[in-house]
Structure formats: C-alpha cells, structure tokens
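The structure under discussion appears below in the form of structure tokens.
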Amino acid sequence: MPTTPEEFTEGQIVLIDKPLTWSSFQAVNKVKWSLKKHLALKKIKVGHAGTLDPLATGLLIICTGKFTKRISELQGMEKEYTGTFYLGATTPSYDLETEVNATFPTEHITEELIHATIPQFLGEIDQKPPIFSAIKKDGKRLYEHARKGEEVEIAFRKTTIHEFEITRIALPEVDFRVVCSKGTYIRSLANDFGEALQSGAHLTALRRTKIGVFSVEGAITPDAFEEGVTP
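Just so we're aligned, residue 1 is where the sequence shown starts under the UniProt record's numbering, counting upward by one.
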C-alpha cells in the first residue's frame, strides 16, 4: 500500500472491507482522518464509488486525490453480492433495519419452486427501490419520508441481473449470489423474490464481494488502513 502523501494526492484506489454497522460515510471519514493525521495531509479529496448500507459488509472502493474523478466510472461497473433471504416474513425496510410487519405461509415452498422462480429475475427487470433508501423525492431522502410515516409514490427503475444463483437452502433461510448492474437494490430483490414465491421475504445478510475487476479478497479493514499509513 502507498505510504507517501504525494502518492495519495496524485490518486489511489483503496479497497476497504466495510465492517458491519459502519456507514460508507464513516469508512470514508476513517480513511481521510488517517491520511490527515499520519501523513500530515491538510487537504485531501476522498470519496467512495458506491454506497453500502450499514447492515451490509464487504467491498467499498475509496478514491483519493485526483482519482476521485474516476468515481462515476467505477460506480458504473457491475457488482457481485452474496447474502441471505429469510422467507415467510417482510419488513418495511426489506431488511433488518426495521421490525417484521407481516408473516406469510411457507409450507408450499420447495427447493424446486425456489429454483424455478429464479429465471423471472434474470436480465433486465423493473425494480422499485425500498422506501428506506437514500433516493431523493420532493427534496427529501425516501428514508426521511418513511421515518415520518409519510406515504410516497416510488417509481420503478430498470436494472439488470446478470447472474442469480441459490447457494444454500435451509428454510426459512436461502443463501444466494447475485451479479447485477449499478442501481440494483438487493433488499428489493429479496422482497420481490418473496412475493414471486407467493409468500414474503426480507434480507438478513448482505456482503458485496466484487465491483468490476476489484474483489473484496484484496480489501482491508479501515483500521488496517490506518495501521498501513502510520509511520
């Protein structure tokens, strides 16, 4: 890893393995603070190329210095995720951020039905983002409307699922691997998958493993990054 102020100012791509409960903003701040404290950089641009929810872990691409100009390019790359759907229950946020608000039968769900449902989610699909998301509507983030109990009309968006694989079935849990385009909400995929099974579902675990050619296997924790730039 680079260790001089000049290298980070000229531009670096830092692969961070974001810990559970950390926001992407916190991870960026940790990198920026580490550079300022240990390399005496008074001013340094730092930004990330694609948000990860606090309840997700995994690959976060952070750009420094002149490489912040590449953020939009990096954001457009396809992404790979692994995680777990919990069948038979939904939450307003489509994940564990909120409590279960409805339960559904699962007795009819078989391994054959699960695998037979996969093809309808492959290719270009229409997807509605979660109400608990950072998309802006009428000047406010959707999650701000949601937390106030306000009903908001959310438009469907086009997204592309390149690969969708079931890796473990231990009902009510189903593990998966997904390769998808920019702007895909895996929480929405969980909710929609539950509906397609004539039941319900929400996301209980999510890990981003790849962005384009970059893999989480080459990533480090925010604390390890600080240790790496400490003289």
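For every residue, glycine included, the Cβ atom is placed at its ideal position computed from N, Cα and C.
(1) Could you tell me the boundaries of the alpha helix (DSSP H) in which Leu39 lies?
(2) Give me the Cα-Cα distance between His38 and Val229, rounded to the nearest whole angstrom.
(3) What are the partner residues of Gln120, as DSSP defines its beta bridges?
(4) Considering only DSSP beta bridges, list what Asp95 is partnered with.
(5) Quick check on the DSSP output: the alpha helix (DSSP H) that includes Gly228 runs from which residue to which?
(6) For Val14, I'd like the list of residues in its chain whose CB is within less than 7 Å of its CB, leaving aside the five on either flank, ordered along the chain.
(7) Does the distance from the C-beta atom of Asn191 to that of Tyr86 stay below 7 Å?
(8) Looking only at its chain, what residues have a beta carbon closer than 8 Å to the beta carbon of Thr57, apart from the 5 residues adjacent to it on each side?
(9) Are Val80 and Lys182 touching if we call contact CB-CB under 7 Å?
So, from the data block:
(1) Per DSSP, Leu39 is one residue of the alpha helix (DSSP H) stretching across 24-39.
(2) 6 Å
(3) Paired residue(s): none; Gln120 is not in a bridge.
(4) Asp95 is not bridged to any residue.
(5) 222-229
(6) Within the same chain, and ignoring the five residues on either side of Val14 in sequence, the residues whose Cβ sits closer than 7 Å to its Cβ are Val31, Ile62, Thr64, Phe225.
(7) no
(8) Apart from the 5 residues on each side of it in sequence, Thr57 sits with its Cβ closer than 8 Å to the Cβ of Asp17, Lys18, Pro19, Leu20, Leu206, Arg207, Arg208 in its chain, given in chain order.
(9) At residue 80 the sequence reads Glu, which differs from the Val that was named. No, Cβ-Cβ distance for Glu80 and Lys182 is not below 7 Å.
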